[in-house]
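> Per full-length UniProt numbering, the sequence shown runs over residues 1 to 145. Every residue, glycine too, gets a C-beta built ideally from N, C-alpha and C. Below are the C-alpha cells for one structure; questions will follow.
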Amino acid sequence: MTIVDVNVLIYATARGSRHHDRARGWLLRALSGSRPVGLPWHSLLGFVRLATSPRAMEHPLTMDQAWDLAEGWLSSGVAVTPEPDLRHLSRVRSLIAAVSEQGGVGGALVSDAHLAALAIQHRATLISFDRDFERFPGLHWEMPS
Numbered sequence: 001m002t003i004v005d006v007n008v009l010i011y012a013t014a015r016g017s018r019h020h021d022r023a024r025g026w027l028l029r030a031l032s033g034s035r036p037v038g039l040p041w042h043s044l045l046g047f048v049r050l051a052t053s054p055r056a057m058e059h060p061l062t063m064d065q066a067w068d069l070a071e072g073w074l075s076s077g078v079a080v081t082p083e084p085d086l087r088h089l090s091r092v093r094s095l096i097a098a099v100s101e102q103g104g105v106g107g108a109l110v111s112d113a114h115l116a117a118l119a120i121q122h123r124a125t126l127i128s129f130d131r132d133f134e135r136f137p138g139l140h141w142e143m144p145s
C-alpha cells in the first residue's frame, strides 16, 4: 500500500505548479492500478482546505470542485482511508522524539509524524514531495515519479 501526502494531491491538481506533471501522472497511475492507495482523511481534508484557499493557491478551486475531486479519488477501486490504531499517539510521540534528537524539531513536524506513523503502522510507503520525511526512522517514503 501507498499513503499519499496532501502535497501530492495539491500538485496533481494545480496546473502550472512545479511538480504538477509528476504528481498528476503518479496519482492517475496509482488510482488506476491494483495496489491499495491510502488517502488519509488528514490528506483529503487538507487538500480541500488548501486547494480552495486564495492565499495558498494562485487559482483556487471552488468547494464543489475540491469535494468532487476528493470523492472521485475515493471512488477508484483501489482507494482506502487508512485509520490509526490505539498505539498511534505513542508512535507519533516516538517519531517526534527521534527527530528531536537530530535537532530542529518543531510543531510543524507533528502532522508529518502523524502520516509517518500511519504509514509505519500499515507497512505502507509514504508518497510525498516533502524531504522532511527522510528524518523519520523506520519510514519508507518516496517522491512521486
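Mark residue 82 as exposed unless 16 or more other C-beta atoms lie within 10 angstroms of its C-beta, in which case mark it buried.
Residue 82 comes out buried.
> From the DSSP output, read off the bridge partner residues of residue 127.
Note: residue 127 sits in a beta bridge opposite 4, 142.
> So what does residue 38 bridge to, in DSSP terms?
Per DSSP, 3, 80.
> Excluding five sequence neighbours on each side, which residues of the same chain lie with their C-beta closer than 7 Å to the C-beta of residue 115?
Here the set comprises 3, 5, 40, 42, 126.
> Output the distance between the C-alpha atoms of residue 9 and residue 29, rounded to the nearest integer angstrom.
Their backbone Cα atoms lie some 13 Å apart in a straight line.
> Using 7 Å as the threshold, is the C-beta distance between residue 44 and residue 12 below it?
Not a contact, by the Cβ cut-off of 7 Å.
> Quick one: what does DSSP say residue 58 is sitting in, helix, strand or coil?
If DSSP states are grouped into helix, strand and coil, residue 58 belongs with coil.
> Give me the Cα-Cα distance between residue 53 and residue 62, rounded to the nearest whole angstrom.
Their backbone Cα atoms lie some 9 Å apart in a straight line.
> Can you tell me where the alpha helix (DSSP H) with residue 172 in it begins and where it stops?
In the structure as shown, the chain starts at 1 and stops at 145, and residue 172 therefore has no counterpart that could be examined.
> Report the option in 33, 124, 132 whose CA atom is closest to the CA atom of residue 96.
That would be 132, whose Cα lies nearest to the Cα of residue 96.
> Tell me the DSSP secondary structure of residue 18 in three-state form.
Three-state result, residue 18: coil.
> Compare the Cα-Cα distances from residue 143 to each of 22, 14, 18, 15 and report the closest residue.
Of the candidates 22, 14, 18, 15, the one whose C-alpha sits nearest the C-alpha of residue 143 is 22.
> Do residue 37 and residue 66 have their beta-carbon atoms positioned less than 7 Å apart in this structure?
It is not a contact, given that the beta carbons lie outside the stated cut-off.
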